[in-house]
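Enquirer: So the protein sequences, as listed, match chains A and B.
The numbering of the first sequence is the numbering used here, which starts it at 1 and goes up by one.
The numbering of the second sequence is the numbering used here, which starts it at 1001 and goes up by one.
Idealized CB from N, CA, C, for every residue including glycine.
First the structure, which I've put down as structure tokens, then a few questions once you've had a look.
Number of protein chains: 2
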Amino acid sequence: MPAHELGPRAREIAIEARALLNERGPEALTMRAVAERLGIQAPSLYKHFASKEALEGAVVTLALEDFAERFEAAAAAPKGDRLGALAHAYRAYAHAMPHEYQLVNDRPLPRDLLPEGLEARAAAPLLRAVGTLERARSAWAFAHGMVSLELNGRFPPDADLEAAWEDGIRALRRTPRRT
Amino acid sequence: MPAHELGPRAREIAIEARALLNERGPEALTMRAVAERLGIQAPSLYKHFASKEALEGAVVTLALEDFAERFEAAAAAPKGDRLGALAHAYRAYAHAMPHEYQLVNDRPLPRDLLPEGLEARAAAPLLRAVGTLERARSAWAFAHGMVSLELNGRFPPDADLEAAWEDGIRALRRTPRRT
DNA sequence: GTCTATAGTGGGATAGAC
DNA sequence: GTCTATCCCACTATAGAC
């Protein structure tokens, strides 16, 4: 069952699972722990989700919907530096919910468990801001790469990450050449 | 014990573990499976590595050494498009050994298990090619982001990834402004 | 350096009653 | 929708003999 067709109880479960993920990380996201958080027993969850994978799909859906809202808001607000605003929103989201970010972005998307159109909705603001598909993809790759390396502590502790972000954004802000 | 001080038998074990990782993925990298591949029992491995984590550290070391060699070779060869050559080598390495790439790059580095200087060695060719730390970091982020999104199937099946790579590289090739 | 035996942990999932 | 009881699996790791 796709996440957008969940019953009310299933939705509550997904919300708690998401909270658990964000508070304690992906390894803590077990059926047992989700159940405990809800004050029920683990087997009861299987009345609402066919498998752990299905529950994770619902969590990914909640996460993508939240991200899309923030990303759309960032695209709407500023007059001038739209790409910079999107980059800032992207980074802020990842830093606010690093575990969730990685669950959504560091592995294949469970597309069959997502509402139709959600993935495209999340991508749309960037595409509108940069104008071409190649640039949207290269800009997304830059942002995802920065976030991923940051979250995993791959840059030196004294690295000036603001400078790296600014450098990449400046390079990508120029109008891409038509091919 | 750091990976560069391994005994000969430990090194053999690490090499088999690496092969197992590359052939069957990170989930298949268990002490049992490594032992089976070597024709011995899992507990025997603990005479050579204190823990699974230590064995993984040795695998990461082998991987980084291999990557550094390829990256250095790519930096040495071409006269003209050095950044493009490095990007190509980076991508080719990731595509050749996707599981290994993710083990090394999609999580924190176990720095205490690595030979001194290896991390810096792997980064050096890019830094030399682009000249500034910010640009080295933003270019690395772009390459890592592209690879990560590619390996996880996050781009549409019909996406022109060559175009996205070329777009990003072109944007990042320009000399960064001095700050 | 390898073995056997085994401890200990934690997880996903099912059956069937209420 | 929740429960109890239970199964089955897989994994890391230790002890002690050879």
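Assuming contact is defined by CB atoms lying nearer than 7 Å, are B/L1021 and B/H1099 in contact in what I supplied?
Expert: The count along the second sequence starts at 1 and reaches residue 1021 of chain B at position 21. The count along the second sequence starts at 1 and reaches residue 1099 of chain B at position 99. A contact, by the Cβ cut-off of 7 Å.
Enquirer: Note down the Cα distance separating A/D106 from B/G1153, rounded to an integer number of angstroms.
Expert: Counting from one through the first sequence, the residue named residue 106 of chain A turns up at place 106. Counting from one through the second sequence, the residue named residue 1153 of chain B turns up at place 153. Their backbone Cα atoms lie some 10 Å apart in a straight line.
Enquirer: Thinking A/L55 and A/I13 are a contact (beta carbons under 8 Å), I'd like their distance in whole angstroms, please.
Expert: What you label residue 55 of chain A is simply residue 55 of the first sequence in a count that begins at 1. What you label residue 13 of chain A is simply residue 13 of the first sequence in a count that begins at 1. At roughly 7 Å, the Cβ-Cβ gap stays under 8 Å, so A/L55 and A/I13 are in contact.
Enquirer: Which class does B/H1048 belong to by DSSP, given the choice of helix, strand or coil?
Expert: In the second sequence, counting from the first residue as 1, residue 1048 of chain B sits at position 48. Three-state result, B/H1048: coil.
Enquirer: Check whether chain B comes within 7 Å of A/F49, counting only Cβ atoms and requiring the distance to be less than that.
Expert: Here residue 49 of chain A refers to the residue found at position 49 of the first sequence. Not closer than 7 Å to any Cβ of chain B, the Cβ of A/F49 fails to qualify, so no.
Enquirer: On a Cα-Cα basis, can you pick out the residue from A/H48, A/R11, A/A10, A/E53 that is closest to A/L29?
Expert: Here residue 29 of chain A refers to the residue found at position 29 of the first sequence. Considering only alpha carbons, the answer is A/E53.
Enquirer: Can you tell me where the alpha helix (DSSP H) with B/E1005 in it begins and where it stops?
Expert: Locating residue 1005 of chain B in the second sequence gives position 5, where the first residue counts as 1. Note, B/E1005: premise wrong, no alpha helix (DSSP H); not H, not E.
Enquirer: Which chain B residues are close to A/M146, counting only those with a beta carbon under 7 Å from its beta carbon?
Expert: Taking the first sequence and counting its residues from 1, one reaches residue 146 of chain A at position 146. The contacting residues are A1141.
Enquirer: Using 7 Å as the threshold, is the C-beta distance between B/L1113 and B/G1057 below it?
Expert: Within the second sequence, the letter at position 113 stands for residue 1113 of chain B. Within the second sequence, the letter at position 57 stands for residue 1057 of chain B. Contact flag set, yes.
Enquirer: Beta carbons nearer than 9 Å to chain B: which residues of the segment 12-27 of chain A have them?
Expert: Answer set for the segment 12-27 of chain A: empty.
Enquirer: What is the rounded straight-line gap between the Cα of B/V1060 and the Cα of B/R1121?
Expert: Start at 1 with the first residue of the second sequence, and residue 1060 of chain B comes out as number 60. Start at 1 with the first residue of the second sequence, and residue 1121 of chain B comes out as number 121. Whole-angstrom Cα-Cα distance: 14 Å.
Enquirer: Quick one: residues in its chain with C-beta nearer than 6 Å to the C-beta of B/R1070, no 5 flanking neighbours on either side, listed in chain order?
Expert: In the second sequence, the residue the question calls residue 1070 of chain B occupies position 70. Around B/R1070: A1089, Y1093.
Enquirer: Counting contacts by CB-CB distance shorter than 7 Å, is B/P1098 in contact with chain A?
Expert: For this step, residue 1098 of chain B is matched to residue 98 along the second sequence. Taking Cβ atoms only, chain A never reaches closer than 7 Å to B/P1098, which makes this a no.
Enquirer: Against chain B, does A/P108 count as a neighbour if the rule is that its beta carbon must be under 7 Å from one of theirs?
Expert: Locating residue 108 of chain A in the first sequence gives position 108, where the first residue counts as 1. Yes, its Cβ sits closer than 7 Å to a Cβ of chain B.
Enquirer: Quick one: which residues of the segment 150-173 of chain A get their C-beta closer than 8 Å to a C-beta of chain B? List them in chain order.
Expert: Listed in sequence order: N152, G153, R154, F155, A159, D160, L161, A163, A164, W165, E166, D167, G168, R170, A171, L172.
Enquirer: Grouping DSSP H, G and I as helix and E and B as strand, with all else coil, what is B/P1026?
Expert: The sequence position of residue 1026 of chain B within the second sequence is 26, counting from 1. If DSSP states are grouped into helix, strand and coil, B/P1026 belongs with the helices.
Enquirer: How would you label A/H144, buried or exposed, when you count the other beta carbons within 10 angstroms and need 16 or more for buried?
Expert: Position 144 of the first sequence, counting from 1, holds the residue named residue 144 of chain A. Looking at its Cβ environment, which holds 16 or more other Cβ atoms inside 10 Å, A/H144 is buried.
Enquirer: Are the C-beta atoms of A/E134 and some chain B residue less than 7 Å apart?
Expert: Residue numbering aside, residue 134 of chain A sits at position 134 when the first sequence is read from its first letter. Taking Cβ atoms only, chain B reaches closer than 7 Å to A/E134, which makes this a yes.
Enquirer: Could you give the first and the last residue of the continuous alpha helix (DSSP H) run that contains B/R1174?
Expert: Within the second sequence, the letter at position 174 stands for residue 1174 of chain B. Here B/R1174 belongs to no alpha helix (DSSP H), and DSSP marks it neither H nor E.
Enquirer: If you run the structure through DSSP and keep just helix, strand and coil, what is A/D106?
Expert: The residue you call residue 106 of chain A lines up with position 106 of the first sequence. Coil, per DSSP.
Enquirer: So is A/D158 buried or exposed if we call it buried at 16+ other beta carbons inside 10 Å?
Expert: Along the first sequence, one-based indexing puts residue 158 of chain A at 158. Exposed, because fewer than 16 other Cβ atoms sit within 10 Å of the Cβ of A/D158.
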